[in-house]
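K.L.:
Protein chains in written order, with this note's numbering: chain A, 4 to 243; chain B, 111 to 405. The beta carbon of each residue, even a glycine, is placed where N, CA and C say it ideally should be. All values derive from a computational prediction rather than experimental measurement. Take a look at this one; I'll ask things after.
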Amino acid sequence: MRSAPLLQLDDIVVRYGAIAAVKGVSCRVEAGEIIVLLGANGAGKSSLLRAILGLTPIDAGRVQFQGRDVTGWRTEALVKLGLTLTPEGRNVFQSLTVTENLRLGGATMPREQSAETMERMFQQFPILRERSDQLAGTLSGGEQQMLAIARSLMSSPKLLVLDEPSLGLAPVIIEEVFALISRLRDAGTTILLVEQNVAQSLTIADRAYLLELGSIAREGTAASFRADLNLHEIYLGGGD
Amino acid sequence: MEYFLQFGVNALSLGGVYAMLAIGIALIYSVMGFLNIAHGDLLTLCGYAMFFCIGFGLPWPLVIIIGILVAGLASVLMEQVAFKPLRSASFDTLLLTSFALSAAIHVVLQISISARPKPVPLPSFLTGSYNIGDIVIGTGQTLSIIVAVTSMLGLTYFLRRTTMGLAMQAAAQDFDTTRLMGIQANRVISTAFFIAGILAGLAGVLIIAQRGSVDPLMAMNPLIKGLIAAIIGGTGSLYGPVLGGIILGVLETIFQTVLPGEALLFRDPLVLSLLVIFLLLAPNGITGTRVERSR
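So, in structure tokens, the structure goes:
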């Protein structure tokens, strides 16, 4: 018998009033994969992510995490199970210091374990150690993104969902973010990545889903997506 | 010199009490996004709790502790009963709900107890006075300053050093992201209401010690002063409401001192007019930090 996928979505529907933002999406994320979810603005990516994390109510469908039905669970409970999201636009707590941001990331863990994890984060992100007593709002965009990811990692997630981590960053920094995502996967964290940066995210991903007007328009290996040279133009209206 | 000392004690004791109310109002505003008009009624509930405790013949330290705790628990209960079901509602809905809640508390107290004031005789050391050289200083005023300073130091420690305190600041900036840290939204909100309630209870004991009585509508004036202090100071930080409270205390004490006897009635209108002018010039308050929030 095959073991259950880490995350499985069946026919998820999310409505805002009369408008359905997500219309019956099914997909799965196996442990150890990097999955990229592509789609233009307004395709329903953020709604889907918020629904998975319990930040937006799910109107129909089922979410399973490690084979367990977690549909309608509260966000806080999902985080404890090992599922977390680094939100779009980074959203670090601007008026708290870097250390305080990380401490909140490890809020669900015993104090000692949290301190150990923070030390590991400082080793992994030396820039954060340098800036540890600075207010998060004073960091550069790239540093804030690193902090946001490190903060999510503080809860030692099994599945990390990243919503547009490259948004608004300089190309050099984007390279760094993608390299980091690959390293995280190699270290055992499964990644569900939402990106508009199609070319780069396909080079690190194993499989991809394309979301269009709230439905999955295409799914397959990242290689097959890459092979379709015109995909970018066809589905995303061209240009980055 | 003596005059200034006297003035300073008066202004700071008044300002400290306003600040304790203002901090509670600002705390709820920054976490929940609305002004809780029923916040003032926590003073009243604290007063009635003390009235009944005295009636039961409890020793006064217990009377005071119960009074403060009742305010804290009533604040949490308010949130559970009235605001929690409306968690995702708009600012206006929550504001109106808090008005309705306040009105309901008034009516219930008027019907079930009395519309008339009830005596709350607190021990004489709260209402007495002592001399330093030639000046007479009220023990109540001294205590107001001590309590205000202590509770502000305690709150600063809580907000800066404890995980729950940090979570509360984080929730004021971005509630969804705070929940993504695995932090229980309900616990953060309940704690905020509890702290706000305890501060209102402390202010209540100090105010009631001066008045010596409690009645259903007594909280109106302190509530307005607390709201004003929070608004002039700005709700983005702890310092804003404290500064707002002290400014209000200083202004009132100045007018109290300089206005001739028959013009004293105009003290509040004058202070309020200054507030209107101030808000025209600096609509975001002194500290100028409006919390950008999303819920």
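Thinking Ala329 (chain B) and Thr154 (chain B) are a contact (beta carbons under 8 angstroms), I'd like their distance in whole angstroms, please.
P.N.:
5 angstroms
K.L.:
By the 10 Å Cβ neighbour count, where 16 or more other Cβ atoms means buried, how is Ala129 (chain B) classified, buried or exposed?
P.N.:
By the neighbour-count definition (other C-beta atoms within 10 Å, threshold 16), Ala129 (chain B) is a buried residue.
K.L.:
Could you name the residues of the segment 84–97 of chain A whose beta carbon sits closer than 9 angstroms to any beta carbon of chain B, in the order they occur along the chain?
P.N.:
Thr87, Leu88, Thr89, Pro90, Asn94, Val95, Phe96 and Gln97
K.L.:
In whole angstroms, what separates the C-alpha of Arg377 (chain B) from that of Asn331 (chain B)?
P.N.:
13 angstroms
K.L.:
Check whether the Cβ atoms of Gly311 (chain B) and Leu152 (chain B) sit closer than 9 angstroms, and answer yes or no.
P.N.:
yes
K.L.:
With a floor of 4 residues, list each alpha helix (DSSP H) that falls wholly inside the segment 94–169 of chain A, ordered by position along the chain.
P.N.:
Whole alpha helix (DSSP H) segments, 4+ residues: 101–108, 114–127, 129–133 and 144–156.
K.L.:
Could you give the distance in angstroms between the alpha-carbon of Ser212 (chain B) and the alpha-carbon of Gln69 (chain A)?
P.N.:
So the two alpha carbons sit approximately 48 angstroms from each other.
K.L.:
Give, in chain order, every unbroken run of the alpha helix (DSSP H) that is at least 4 residues long and sits entirely within the segment 321–356 of chain B.
P.N.:
330–343
K.L.:
Mind checking Leu53 (chain B): buried by the 16 CB within 10 Å criterion, or exposed?
P.N.:
Outside the shown range of chain B (111 to 405) lies residue 53 (chain B), about which nothing can therefore be said.
K.L.:
Hey, is Asp243 (chain A)'s beta-carbon within less than 9 angstroms of any beta-carbon in chain B?
P.N.:
With a pLDDT of only 43 at Asp243 (chain A), under the threshold of 50, the placement of this residue in the model should not be trusted; the figure read from the coordinates follows. Against chain B, the CB of Asp243 (chain A) has no partner CB under 9 angstroms away; the residue lies outside that interface.
K.L.:
Output the distance between the C-alpha atoms of Leu406 (chain B) and Gly134 (chain B), rounded to the nearest integer angstrom.
P.N.:
The structure shown does not extend to residue 406 (chain B), since chain B is modelled only from 111 to 405, so the question has no answer here.
K.L.:
Would you tell me roughly how many angstroms separate the C-alpha atoms of Gly248 (chain B) and Ser135 (chain A), rounded to the nearest one?
P.N.:
47 angstroms
K.L.:
So, for Leu214 (chain A): in the same chain, excluding its five sequence neighbours on each side, which residues have a beta-carbon less than 8 angstroms away from its beta-carbon?
P.N.:
The beta carbon of Leu214 (chain A) sits closer than 8 angstroms to those of Val28, Leu40, Leu41, Gly42, Ala46, Gly47, Lys48, Leu51 and Ala220, all from its chain and outside the five residues before and after it, given in chain order.
K.L.:
Does the distance between the C-beta of Pro229 (chain B) and the nearest non-hydrogen atom of the ligand ATP fall short of 8 angstroms?
P.N.:
As far as ligands go, the structure on display features none, and thus does not contain the ligand ATP.
K.L.:
If you draw a straight line from the alpha carbon of Gly150 (chain B) to that of Val25 (chain A), how long is it in whole angstroms?
P.N.:
45 angstroms
K.L.:
Listed from N- to C-terminal order along the chain, which residues in the segment 58–88 of chain A have their beta-carbon within a distance smaller than 7 angstroms of any beta-carbon of chain B?
P.N.:
Leu58, Thr78, Glu79, Val82, Lys83, Thr87 and Leu88
K.L.:
Does the beta carbon of Thr111 (chain A) come closer than 9 angstroms to any beta carbon on chain B?
P.N.:
yes
K.L.:
Would you mind working out which of A:Gln147, A:Asp62 and A:Gln11 sits nearest Cys30 (chain A), comparing C-alpha positions?
P.N.:
A:Gln11
K.L.:
Would a check of beta-carbon distances place Ile223 (chain B) closer than 9 angstroms to chain A?
P.N.:
no
K.L.:
Starting from Asp286 (chain B) and walking both ways along the alpha helix (DSSP H), at which residues does that stretch end?
P.N.:
Phe285 to Arg289
K.L.:
Checking contacts by CB at 9 angstroms: is Gly108 (chain A) closer than that to chain B?
P.N.:
Taking Cβ atoms only, chain B reaches closer than 9 angstroms to Gly108 (chain A), which makes this a yes.
K.L.:
Can you tell me the Cα-Cα spacing of Gly371 (chain B) and Phe365 (chain B), whole angstroms?
P.N.:
11 angstroms
K.L.:
Taking just the CA atoms, how far does Glu146 (chain A) sit from Leu105 (chain A)?
P.N.:
13 angstroms
K.L.:
Hey, could you find the ends of the alpha helix (DSSP H) Thr154 (chain B) is sitting in?
P.N.:
It spans Asp151 to Gly165 - the alpha helix (DSSP H) in which Thr154 (chain B) sits, taken as one unbroken run.
K.L.:
Got a sec: is the Cβ-Cβ distance from Arg210 (chain A) to anything in chain B below 9 angstroms?
P.N.:
no
K.L.:
Distance check for Leu131 (chain A) and Phe235 (chain B), CA to CA, integer angstroms please.
P.N.:
54 angstroms
K.L.:
Give the residues of chain A in contact with Arg289 (chain B), contact being defined as C-beta atoms less than 9 angstroms apart.
P.N.:
Near Arg289 (chain B) (Cβ distances below 9 angstroms), the residues of chain A are Leu56, Gly57, Leu58, Arg77, Thr78, Glu79 and Val82.
K.L.:
Use the C-beta contact count for Gln126 (chain A): other C-beta atoms within 10 angstroms, 16 or more gives buried, fewer gives exposed.
P.N.:
exposed
K.L.:
For the segment 274–285 of chain B, enumerate the residues whose C-beta is nearer than 8 angstroms to any C-beta of chain A, in chain order.
P.N.:
Leu276, Ala277, Gln279, Ala280, Gln283 and Asp284
K.L.:
Should Tyr240 (chain B) be labelled buried (16 or more other beta-carbon atoms within 10 Å of its own) or exposed?
P.N.:
exposed
K.L.:
For Ala34 (chain A), does the three-state DSSP call read helix, strand or coil?
P.N.:
coil
K.L.:
Taking the beta carbon of Ser261 (chain B) as the centre, do at least 16 other beta carbons fall within 10 Å, making it buried, or is it exposed?
P.N.:
buried
K.L.:
Please confirm whether Thr111 (chain A) and Met291 (chain B) have their CB atoms less than 9 angstroms apart.
P.N.:
yes
K.L.:
Within the chosen definition, does the segment 93–109 of chain A reach the segment 273–280 of chain B through at least 3 CB pairs nearer than 8 angstroms?
P.N.:
Result yes; three or more Cβ-Cβ pairs closer than 8 angstroms.
K.L.:
Tell me the residue span of the beta strand (DSSP E) that contains Thr87 (chain A).
P.N.:
Leu86 to Thr89
K.L.:
In the DSSP assignment, find the beta strand (DSSP E) that holds Gly125 (chain B) and state where it starts and stops.
P.N.:
No beta strand (DSSP E) holds Gly125 (chain B); the alpha helix (DSSP H) holding it covers Glu112 to Met142.
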